[in-house]
Each structure stands twice: as C-alpha cells, then as structure tokens.
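S.K.: Residue numbers (the working numbering), protein chains in the order written: chain A, 5 to 883; chain B, 141 to 254.
Can you keep this structure in mind? I'll have questions shortly.
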Amino acid sequence: MRWWQRLRRRSQMEDQLEKELRFHLDQHTADLMARGLSPEQARRLARQALGGPDQVKEQCRDARGTRWLEDLWQDLRYSLRTLRQRPGFTSVALLTLGLGTGATTVIYTVIDGVLLRPLAYAEPGRLVALQEQTDWSTQWGNQWAFTYPNFVDCRNGSLALAMAGWRYTGGTLTADGKAEYVDGREISAELFSILGVTLARGRAFRPEEDRTGAAPVAIISAALSQRLYAGNAAAIGAPLTFDGKAYTVVGIAPPDFRLDGESDVFTPIGQSADPAMKNREAHRAVAWARLRAGATLAQAQAELAAIGRRLAAQYPASNKGRTFVAQPLRPDVGDVRSTLWLLLGAVSLVLLIACVNVASLLLARAVSRDRELALRVALGAGRGRLARQCLTESAVLGLGGGLVGILMAAIGIRPFVAIWPGNLPRVEQVQLDWRVLLVALAVSGGCGLLFGLAPALRAPARELERTLRAGARAVSGSSRRLHGAFVASEIALALVLLVCAGTLGRTLLRLSWLDPGVDIRNVLTARMALSPATLPDPGRTRAAWRDVLDRARGVPGVQSVALVDTVPMREGNNEIGYWTTPAEPPENQQPLVSATSVTPDYLKVMGVPLRQGRFFDDRDRLGNEGVVVIDEVMAEEAFHGQDPLGKHLWIGLGSDPARVIGVVGHVRYWGLAGDDTARVRAQLYYPFAQVPDHLVRRWSELMSIAVRTGIPPANVLAPLRRELRGATGDQVLYEVHTLERLAHDSLARQRFLMLLFGIFAGLALTLASIGIYGVLAYLTGRRVPEIGMRMALGASGGDVLRLVLRQSLGMIFLGVAAGAGAAWAAGRVLQRLVEGVEPAGPAAFAVTIAVLVAAALFASFLPARRASRVDPVKALRQE
Amino acid sequence: MQPKSDLPQGTLDLLILKIVALGPVHGYAIAQRLQQVSRDVVQVPQGSLYPALHRLENRGLLAADWDRTETGREAKFYRLTRKGKAQLETEAASWLRLTEAVGFILNMSEGGAK
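Set out below in structure tokens:
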C-alpha cells in the first residue's frame, strides 16, 4: 500500500487491526478454555498475555512508518473543521494576515523584479561591463566611460571577450512635414548578438555597416514602428529621416527591449558623425561584452590589462596610466534600491503586528481549551503530538492568510507600480510569478508556525490535576504575562511606524516651504532641438538661436525668454573644476562648481535675485572679455568673504581667465530635498554667447528654452511650438515641464514614502488597537467572577474601570518604552537613506506617543466599561 | 522449570520470518509456534508480536491476505515475499556464523587462548 492509499484507507486499516487483534484474543481464549479454564479466566489470561489492546494498536500504527503523515492529515482535517466552526475568529485572522502578507508580497514582487532578477538577456552571468580605469583618481573616482577608439582597439585585441559598444543619442525625426524628437542609441553591430536578443523583425547591423561611409541603416523600436509605419512588416526597408540624415530601416527591436531606458532609433556607432568618436580623450561610449565559451573573467581581466599597457605605450598623451577593467554586468537601478528596502522593512513590521495579533487570538483560544488538552494528556496523548496539532492549526491559518494575501497582491501590484514616483527601472520585469508566490507562501507558512509557537509551547499542560480541577475560569499568570508581552510588542511595532510616518510628514512639510531660489510660478522649460541643417556651422547655429529668442518673445503671454543648458531640479548637470590663480592645479585638487550657460534674460525668467554687480548683457559675447556670474555659495567657497567682483576665475573652457561680474542668489539646483546634502553646491553662470565655436554644436544639442509667462504656462505651449518650428519645420520642443512641476517632482520620493509609511502606520495602529481590544476583552472576560467578588465586597464601577485600565496602561507603557528606542533607530536609518530627513525631535515623539496611547486606551475602554457593569450576583453564580 | 530468556535484540524478526517461511500463517499461530518450537524457552511477549508483523509488512518482507481458518473464521494470514525470503537467508546465515563463533569461544579450554 502506498502512503496516499494509507491516508485514504485509514479507517479500513483501523478496522482490520481491530479484527486481527480480536481474532488473536478469541483464539487464545478458546485454546485456554479447551485446557479446562473457565471462560472468564481464559479471557482474562488471554488479555494479560497480549497486553493493553490500545497500546498494542498504537505500536502497530507506529510500525507502519507513515504515522506522522497520517497524523498530519488528521490534524489538517481537525484544524479545518475547528476553523470552520468559528467563522468570526477565522475571518478576522485571515483578513489580518491577508493584509500583512498582501502588502509584503507587493513590495517583495517589486524587489524581485527590480533588484533580484538577473538581466533579461541570455546567460546574464557571462555578460560583463567594461570601464576604463586610471591609476589616479579625481573627484569623480577613477573609472571612466570608454572612448570609441579605445573600445575598437579592445574589441579587436580581445580573445576572451566578444565586445559591443553603445552610446546615447537623440535627434529629430522628420516625416511628412512633421517633426518629433526621439531618444536614440548608437550601437555597434555586435550588440544584439552579444546580448542574445532576437529582433522582432528584420536583421541586426552587419559589421561592414558599422563604419564611416557605409550605407545608413537603422533599427527602430516596436513602438515607433507602430507609430510611423502602422506595423512591423511595412517598416522594413522603409526610409527614415533622423537628425537630417536619410536611413533605411532594416530591423525592429523586440517590444520589451531597453538599453538603459527606452529609445526609438538605433544607428550603427561606427557611422557616427560626431567628431568625439575619433577622439581618444572623449569618454562617451558604454562597453559591454560576453565572455566567450571557455573564457573566464580572470583571463579577460589579464587580457584587458595587456591591451591597456600596449595602448598606453602607443598613445601616451591620452592613455598613460590608463587600463581597462571588466565587472559582471548589473542592472542600474539608482536610489530605488534603498526606497524598496525601506518599504520592505515597513511592511514587515505590519506583517509582524498581524502575526502578533493572531498569536494572541490563538493563545486566548488555547487557554480556554486548557481543560480539554489536559484531559487528552491524561488519556495518553503525547505532549509532542498536542504541540504538533497546535502548530498544524496555526500553519493552516498562516497559509490561508497567505493565499488571501496573494490574492490581494495580484490585485494591488499594478496600481502600486502605477503610483511609483517617476520611472521605476526594470518595471517590465515586475510580475507576480511562481518565485514570488513560493516566497509569499513560505513567509506566510513561517508566520503561521511563529504565531502558533506560543500556544503550542504551553500545550503540554503542566500540573494536569490542577488544571482539570480549576475549571475553565482561572487565567494562569504565565498566560497573562504572555498576553501582556503581545500587546506591548504590538504597541512597540506600531510606534516605530508612526514615528517614521511622522518624521517623513514633517520633512515633507519643511521641504515644501523651502525657498527654491527661483520663482517657480509661471515658468515653462523645454529642451529644444534646432534644425539639424544649422548645426554643422557655428555662425548659423548662433543665428538660429537668436531667431528662436526673438520669435519666442513675440508669442502672446510670454514675458521673457532665455536659453539655458541645465535647468534647476531637472536631470542633467555640468560639474567642472575651477581655480582662482593662474597655475592650474592637478585635476583631482580642483574644487567643483555646477556651471550653467545662459542668455542674458535668464535671471528675469527664473526670478533669481541679483545680489551684487550685474548679470550678462549683449556685450558679453565671443571676442570680448570672458565673464562669469557666481552664486552666494561659490562666492564664499572661492573667495572666502572677500569681494568677488572683478576677481578672476579659471574654468576649463579656455586658457583665458573669466572675470566675476556679479553675484546672484543660490538656487536649489538639486531639488528641494537634495540640495542641502549635494556634493557640489557652488554655482556659476557663463554667457552662452561666449561658448567657443568648436563647442557650439555640442552645447546646442543640450540647450533648453525657458519662458516666463503672464498667463498659465500650459497655454503658451502650443503657440510657442508653432512659432519655433523654424523655416524648414523641423525644430521641436521636447521634455516640456513647468518649473512648478519640477519642484513638486523633486519631492516625489519623500511624498511617496510618506504616503506609504502613513498607510502602513495607519494599518499598524488599527491592527494594534484590535489586538489590544481582543486581549483585554479576553482577559477581563476571564476575570468576571473575580470582579463580581470585588464588587460584592464593595468595589464601585469606577474602581473596576480603573483596575482594567491600569492593567492595559501597564502593557501600553511597556510597549512605548520598547518602541521608543526602536523608533529612534528607524529614524536614523531614514535620515541616512532619504534626502532631507531630519530625525524626529522630542515634540514629534510626544505627539506620536500621545496618538498611540489614546488609540490604545480607546481600545481598552470598551472591555473595561463592560467589566464595570458586571452584575456581582450573576458573576458569582458563574463560578 | 528453567527461567525463560528474553530474545536478543533483532532476533524476533528473524524468527517470525522463519516461521512464516513454512507457509501462510496468522498472528496467533505464529505466537503459538514460537512458544512450542522453542519449548517455552523463548519468551515472546505477544504484545510486541503484532507491531513486529506490521513493521515487516511495511518493509515489504511480509505480505498479508485475509483468509478463512479451518474453523471458518476470517484471519489475516502472513506470507513471505521474495524480498523477505532473501532477507531470511542472509540473516539466518549471519546468525549461524555468529553463534558458531560465539560457541567456539565459549568452548575454548582454559588457557587455550595462549
């Protein structure tokens, strides 16, 4: 018989065992009678010889070897039956656990998809990321992006690595007189094959297409193929005008293909027109590689080091002290990591509270079943067996709660991802799959065992006789202490969450009142792509920008217009080194400043206050003296309180120094939250008109337009777009934001965390209150006879009320004391991980504790009042 | 009357296998036969017989069928499986080797070890 048959035929087997033993006894008795004994004597002797029938049966059952399984089966069915008999208890427990595991599962699903899952390429373990490494360090460290010539030399020289390179581009797509700006990537021909990505349609680039002068070909995203050609089939072979150059589409990338963010157009990197791609000092390319079959990372490292030495000897000017290193390729997820772990910590606390809640409910049940359990021990049940049964019951409850939670998570995961602030990296990887489900079930089963532990451990009822005699009324001191500990730990856990939520709330409040340094109302910013045809000639480019400014100024509602390369609180910055004496210090000793190139009206548009001197005007152009304007922070950092006006500054833009002509207010460039702790806070402005000719093209690719309006900024967007399309109709605005939106978004992470911590804290408070209510209702319920006695002896209702509340206050204050320490530590963690957080002060603690104590007292008040209205006569009769 | 000896550990299984090897037999008969054959020297607590039978059945050394006795009552008859037969042979052989060796040692004349 197989084990599953045993489970099904259990009763049949019991019958047969019974029958076999009865046969034995009958046979023996008959034999003894045949020897002349009386029937009674014979029966007694036969029984004596066999031994206690129940013990023999028990041993036979043990001998079957699948005993534990049969017991488990029996326990499972028993648990389900008892749970069904108490639908109220069961649904509260399942809902509590479901909320806990559901929230945990949602966060864990995101963590799994974003942080834990390997890259979605074939054999991700054999992919490596390559970096250039110098034997000196600067403020930016000692690892650098690749230069394209170095990449080509490494690719051709390496046997262990199959290498591919790519870099960010972007440009204007023009078709049918319409123009739009799209992000793009220049990629080397090997990229798709190295990643093991198959194109949705068409083909990857051929090596002979990956060099200058080859026929221009492009691969486009599936989304763009839909948008432009209404389908993949029609797109292959179709013409595409990208940044003024005519390409032929040869392939469509798969829909979920991402190369550090979305991009619509892929072109061969070898065909790039950018002169930087021939420059051994322009670090613009990303290099990835796959280890060839049989090669190890160590071999690759050694090989790269050898190539590095060779290139250093060959090109000492650019490559001296420079080598190449390989590291396993990992997804880049930025500060999402700490946000996610913080959230997991918070939901784990909620889950713990849920567990404690259910544990106290189960304990209350176990205590009321003391007599039953003692009886069963007296009748021969093993202590281990009883403990196992308790654990089975709680595990069933835990798994049930887990299933409810998984259901909640399945519903909640998409909305959760949707409210994530900004872009969640690798969001396409976030899904509820069997790995997540396994973890969720394991966690909920584990929780089941955890909260079943307390009832199970007390199952081997000590002092059987006393328990049996005591009746069901008395609550032993140990169980009351355990209940008290449960309440205290719930309070402590809830306090941690409440303090965290309060800290975040206060932080948000403080940050949103901060002065950003600019007047954020009525300002619209947008990146601007000039007509590709104007870019090759600096003179035409400058003229085109002047035209843009003139036309924008004429748009109704626009008050002032400026060009700027890096907009405050938006992604993108330009940190450069500067020095104040003619001798250039080594690069790693130069202080850094974020430099912004602007046109004269910038101050007016942004509303930055001028503190000293003047801002730029039309005289500040190429050929005249180079000038800069600095902010208060830099004035202090660079000139230490001396008057900065007229002082000279050297920045990397040219050999001549620039004269400081003005000082302006500090702008919270890194966002409301981030600016105080930013690495580089000093700010410097220089005229766009003084950017040297050879850099004009590069700068123009980065320029944004900013306009101050007299009407709501959204209303000027359409006329502005129309006005700025240019003579050829291919100039576009993209990444359009209002400054107000940028300021708002700079607090998105704090706001999101506060929202979730607030929800979790509310949940925790509710669960803890329910827990306190349950425990006190139970404990006072058990004390009804005692209370009756007290009242019979003269205690008033008020005395009883105070008695019960005093008991609950004891538990509450124990919890507050324990939680205060943990909350302080949690505040420290928040402060380290979230920009702008200041630790909660005593006032915040006091408020939080007051809220918590009030909620807890409210929860204890109901049972206390019920106790105070006990009718002494009835209560005493219950005994 | 000689005092009855307890069975050495593990020998009960061997004896059961041997008795069952003689032909299908029910539990009570096994108990009887153990007592008769050993001329009451071997004391088999009947209470431990059934757990042993169930254990052997569980290990696949014995198989059992319900059948009628001569008196017409239904009883559970045990028989040896092929696996049980092999087990009996190896265990019996090793038991004989062991007892032989123990016998040799016990029969040594004084000083014979030198």
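Each residue gets a CB set at the ideal place from its N, CA and C atoms; glycine is no exception.
Treat the numbers as computed from the prediction; the structure is a model and nothing was measured.
Smallest Cα separation from residue 848/A: which of 860/A, 547/A and 507/A?
M.R.: By one-based count along the first sequence, residue 848/A stands at place 844. The shortest C-alpha separation from residue 848/A is found at 507/A.
S.K.: Starting from the beta carbon of residue 25/A, find every residue of chain B whose beta carbon is closer than 8 Å, and list them in chain order.
M.R.: The residue given as residue 25/A occupies position 21 in the first sequence. Under the 8 Å cutoff, chain B gives 190.
S.K.: Go ahead and label residue 259/A buried or exposed: buried means 16 or more other beta carbons lie within 10 angstroms of its beta carbon, across all protein chains shown.
M.R.: Translated into the one-based positions of the first sequence, residue 259/A becomes position 255. So residue 259/A counts as exposed.
S.K.: Can you tell me where the beta strand (DSSP E) with residue 652/A in it begins and where it stops?
M.R.: Sequence index remark: in the first sequence, residue 652/A carries index 648 (1-based). Unbroken beta strand (DSSP E) run through residue 652/A: 652-655.
S.K.: Taking only three categories from DSSP, how would you classify residue 523/A?
M.R.: One-based indexing of the first sequence puts residue 523/A at position 519. Correct three-state label for residue 523/A: coil.
S.K.: With a threshold of 7 Å (Cβ to nearest heavy atom), would residue 195/A be considered close to the ligand PLP?
M.R.: Absence of the ligand PLP from the depicted structure is noted, as is the absence of any ligand whatsoever, leaving it without description.
S.K.: Using a Cβ cut-off of 7 Å, which residues of the region 37-50 of chain A contact any Cβ in chain B, in chain order?
M.R.: Result list empty, no residue passes.
S.K.: With distances taken from CA atoms, which of 176/B, 178/B and 172/B is nearest residue 50/A?
M.R.: The sequence position of residue 50/A within the first sequence is 46, counting from 1. It is 172/B whose Cα lies nearest to the Cα of residue 50/A.
S.K.: Decide yes or no for the touch test of the region 413-429 of chain A against the region 92-100 of chain A: beta carbon pairs closer than 8 Å, at least 3 of them.
M.R.: The answer is no - the region 92-100 of chain A does not touch the region 413-429 of chain A, with fewer than three Cβ pairs under 8 Å.
S.K.: Please return the same chain residues whose Cβ sits closer than 6 Å to the Cβ of residue 81/A, not counting the five positions on each side in sequence.
M.R.: Against the first sequence, residue 81/A aligns to sequence position 77. Within the same chain, residue 81/A has no close Cβ partners at all.
S.K.: If you drop the 5 nearest sequence neighbours on each side, which residues of the same chain put their C-beta closer than 8 Å to that of residue 897/A?
M.R.: Lying outside 5 to 883, the shown extent of chain A, residue 897/A is not represented and no answer is given.
S.K.: Can you list, in chain order, the residues of the region 202-232 of chain B whose Cβ is nearer than 8 Å to any Cβ on chain A?
M.R.: Answer set for the region 202-232 of chain B: 206, 213, 214, 215 and 216.
S.K.: Starting from the beta carbon of residue 167/B, find every residue of chain A whose beta carbon is closer than 7 Å, and list them in chain order.
M.R.: The count along the second sequence starts at 1 and reaches residue 167/B at position 27. Result: 24 and 28.
S.K.: Flag this pair as touching only if the region 652-672 of chain A and the region 581-592 of chain A have three or more C-beta atom pairs under 8 Å; answer yes or no.
M.R.: Cβ pair count under 8 Å is three or more, so yes.
S.K.: With a floor of 4 residues, list each alpha helix (DSSP H) that falls wholly inside the region 26-75 of chain A, ordered by position along the chain.
M.R.: If we require 4 residues or more, the alpha helix (DSSP H) runs fully inside the region 26-75 of chain A come out as 43-54 and 57-67.
S.K.: In this structure, how does DSSP classify residue 216/A when only helix, strand and coil are distinguished?
M.R.: Residue numbering aside, residue 216/A sits at position 212 when the first sequence is read from its first letter. Coil.
S.K.: Do you know how far the Cα of residue 67/A is from the Cα of residue 210/B?
M.R.: Indexing the second sequence from 1 puts residue 210/B at position 70. Indexing the first sequence from 1 puts residue 67/A at position 63. The straight-line gap from Cα to Cα measures roughly 29 Å.
S.K.: For residue 163/B, which of helix, strand or coil comes out of DSSP?
M.R.: Taking the second sequence and counting its residues from 1, the one referred to as residue 163/B is at position 23. In the structure shown, residue 163/B sits in coil (DSSP, three-state: anything other than H, G, I, E or B).
S.K.: To the nearest angstrom, how far is the alpha carbon of residue 108/A from that of residue 826/A?
M.R.: If you number the first sequence from 1, residue 108/A lands on position 104. If you number the first sequence from 1, residue 826/A lands on position 822. Taking the straight line from one Cα to the other gives about 20 Å.
S.K.: Tell me, please, whether the CB atom of residue 32/A is closer than 8 Å to any CB atom in chain B?
M.R.: As a position in the first sequence, residue 32/A is number 28, starting the count at 1. So yes, residue 32/A belongs to the interface.
S.K.: Measuring straight from C-alpha to C-alpha, what distance separates residue 881/A and residue 812/A?
M.R.: As a first step, residue 881/A must be located in the first sequence, where it is residue number 877. As a first step, residue 812/A must be located in the first sequence, where it is residue number 808. Spanning the two alpha carbons is a distance of roughly 27 Å.
S.K.: Please identify the residue among 521/A, 391/A, 492/A and 683/A whose C-alpha is closest to the C-alpha of residue 860/A.
M.R.: Within the first sequence, residue 860/A is the residue found at index 856, counting from 1. The shortest C-alpha separation from residue 860/A is found at 492/A.
S.K.: Looking only at its chain, what residues have a beta carbon closer than 6 Å to the beta carbon of residue 787/A, apart from the 5 residues adjacent to it on each side?
M.R.: As a first step, residue 787/A must be located in the first sequence, where it is residue number 783. Counting only Cβ-Cβ distances below 6 Å, and skipping sequence neighbours, we find nothing.
S.K.: Between residue 773/A and residue 808/A, how many whole angstroms is the CB-CB distance? I'm expecting something under 8 Å.
M.R.: Here residue 773/A is taken as the residue at index 769 of the first sequence, counted from 1. Here residue 808/A is taken as the residue at index 804 of the first sequence, counted from 1. Not a contact, Cβ separation roughly 16 Å.
S.K.: Measuring alpha carbon to alpha carbon, tell me which residue in 105/A, 127/A and 842/A is nearest residue 514/A.
M.R.: For the purposes of this step, residue 514/A is taken as residue 510 along the first sequence, with counting starting at 1. Of 105/A, 127/A and 842/A, the residue nearest in Cα terms is 842/A.
S.K.: Look up residue 145/A in the DSSP assignment and give the residues it is bridged to.
M.R.: Position 141 of the first sequence, counted from the first residue, corresponds to residue 145/A. DSSP lists 142/A as partners of residue 145/A.
S.K.: Is it right to say residue 72/A is buried, meaning 16 or more other beta carbons lie within 10 angstroms of its own, or is it exposed?
M.R.: Indexing the first sequence from 1 puts residue 72/A at position 68. It counts as exposed.
S.K.: Note down, in chain order, each residue of its chain lying with its Cβ closer than 8 Å to the Cβ of residue 41/A, except the 5 sequence neighbours on either side.
M.R.: Counting from one through the first sequence, the residue named residue 41/A turns up at place 37. Excluding sequence neighbours, residue 41/A sits near 49.
S.K.: Compare the beta carbon distance of residue 177/A and residue 246/A with 8 Å and say whether it is the shorter of the two.
M.R.: The residue given as residue 177/A occupies position 173 in the first sequence. The residue given as residue 246/A occupies position 242 in the first sequence. Yes; because the gap between Cβ atoms is below 8 Å, this pair is in contact.
S.K.: Suppose the cutoff is 8 Å on Cβ atoms and the five residues either side in sequence are ignored; what does the same chain contact list for residue 804/A look like?
M.R.: Residue mapping note: residue 804/A aligns to position 800 of the first sequence, counting from 1. Hits under 8 Å: 791, 794, 795, 868, 871, 872 and 874.
S.K.: What in chain B is Cβ-close to residue 68/A, meaning under 9 Å?
M.R.: Looking up residue 68/A in the first sequence gives position 64. Result: 194, 195, 197 and 198.
S.K.: Just checking my contact of residue 305/A with residue 330/A at CB under 8 Å: how many whole Å lie between their CB atoms?
M.R.: Translated into positions along the first sequence, residue 305/A becomes position 301. Translated into positions along the first sequence, residue 330/A becomes position 326. Yes, they are in contact, since the Cβ atoms of residue 305/A and residue 330/A sit about 6 Å apart, within 8 Å.
S.K.: Can you give the Cα-Cα distance for residue 627/A and residue 429/A, rounded to whole angstroms?
M.R.: Within the first sequence, the letter at position 623 stands for residue 627/A. Within the first sequence, the letter at position 425 stands for residue 429/A. Answer to the nearest angstrom: the Cα atoms are 46 Å apart.
S.K.: If distances are taken between C-alpha atoms only, which option among 263/A, 502/A and 318/A comes closest to residue 770/A?
M.R.: Position 766 of the first sequence, counted from the start, is the residue given in the question as residue 770/A. When each option's Cα is compared against that of residue 770/A, the closest is 502/A.
S.K.: Classify residue 319/A as helix, strand or coil using the three-state DSSP reduction.
M.R.: Counting from one through the first sequence, the residue named residue 319/A turns up at place 315. In the structure shown, residue 319/A sits in coil (DSSP, three-state: anything other than H, G, I, E or B).
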